[in-house]
Structure formats: structure tokens, C-alpha cells
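101 is the number that the UniProt record's numbering gives to position 101 of the sequence shown; each next residue is one higher, with no gaps. Heads up, the beta-carbon is just placed ideally off N, CA and C, and yes, glycines get one too.
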Amino acid sequence: MPKASAVSVMIVDDQQSMRGICKYILTQLGFTNIVEAKSGRDALGKLEKSSVDLIISDWNMEDIDGLTLLRVIRKHPKTQGMPFIMATGRSDKEQVKEAISSGVNNYIIKPFDASTMKKRIEAVIGVLS
């Protein structure tokens with residue numbers, strides 16, 4: 001059982017308000033090592049410098065969207081096994097299938113609360129202690 005405070009999480013979203021909400025929820029769940037990225041490009045730059053244990057990324061972003069970010073991460077040996085949760089405002093079945101075929105570990109539909117976020121994270125990394 002991983003301890004939330006021992007897990008590093010990267011939040012990738014081009015909307016500062018959504019990053020703030022996500023960070024607040026993660027903090028409520030006990031996460032303390034949280035890195036924010038304002039775009040897919042920003043996330044890739046930060047991942048070159050340091051690794052994280054979990055990525056929670058928005059789907060719809062400018063420059064590099066969440067699906068492209070996922071595909072790039074899955075191609076690199078250093079990051080290919082990194083747990084990845086996609087956040088989206090739509091529950092489009094085709095979109096979900098596309099994310100699954102690209103290697104997403106789980107997805108969460110916005111808006112979400114702490115309980116839903118915890119379930120999605122635990123489904124990917126195991127029950128939090």
C-alpha cells in the first residue's frame with residue numbers, strides 16, 4: 001500500500017483553476033509532492049529533468065493535448081510505464097477507447113470530487129495507506 005505522501009504526482013492542465021482544484025484534492029488525500037505543468041510541452045520538459053510516480057493530465061489543451069502527451073510518454077523507455085490518468089470533460093465512448101488503446105491507465109470525468117479522484121488513483125497505484 002503506497003503512502004500518499006511518498007507518491008509524486010504531476011498535474012497537467014492548461015487552466016490554472018483546474019490545476020488548483022486538482023492540487024487541492026490531492027492535498028486533501030495526503031499527497032505532498034505535487035508538480036504542476038501548464039501544457040503538454042511543459043510536462044515533457046519537466047519529465048526530462050525529473051521523474052514522477054503518477055501523471056494526471058487534461059485531455060483538451062493547446063500545443064500538445066493529453067492524448068499526444070500520453071503517446072509520447074508511452075514511447076520513451078524512461079517514462080513508458082508511468083501511471084497516467086486522463087481527465088476529460090466528456091464521457092465520449094470513442095474518446096475513452098482511443099485513450100485506452102494508447103495506454104492510459106484510467107480516466108476521470110470533470111468535474112470530480114476527492115472520493116472519485118481517490119478511487120481512480122487507487123485503481124492505478126493501489127490502495128493508499
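Here TYR107 is bridged, per DSSP, to MET86.
In the displayed model, ILE56 falls within a strand according to three-state DSSP. In the three-state scheme derived from DSSP, where H, G and I count as helix and E and B as strand, VAL12 is classed as strand.
Setting aside the 5 residues that flank it on each side, GLU98 is surrounded in the same chain by LEU67, each with a C-beta closer than 8 Å to its C-beta; the list follows chain order. Nearest C-alpha to LYS119 among PRO111, LYS110, ASN106: ASN106. Setting aside the 5 residues that flank it on each side, MET117 is surrounded in the same chain by ILE25, each with a C-beta closer than 6 Å to its C-beta; the list follows chain order.
Within the model, the alpha-carbon separation for VAL72 versus ILE85 is close to 15 Å.
For GLU36, the uninterrupted beta strand (DSSP E) segment begins and ends at 33-37. Annotation for ILE125: the continuous alpha helix (DSSP H) segment containing it runs 114-125.
Sequence-distant Cβ neighbours of MET1 in its own chain, meaning closer than 8 Å and more than five residues away, are GLY126, VAL127, LEU128, SER129. A distance below 6 Å between beta-carbons, with the five flanking residues on each side excluded, links ASP13 to the following residues of its chain, in chain order: ARG19, ASP58. Counting along the chain, the unbroken alpha helix (DSSP H) around ALA99 starts and ends at 93-101. Secondary structure at GLN28: helix, using DSSP grouped into helix, strand and coil.
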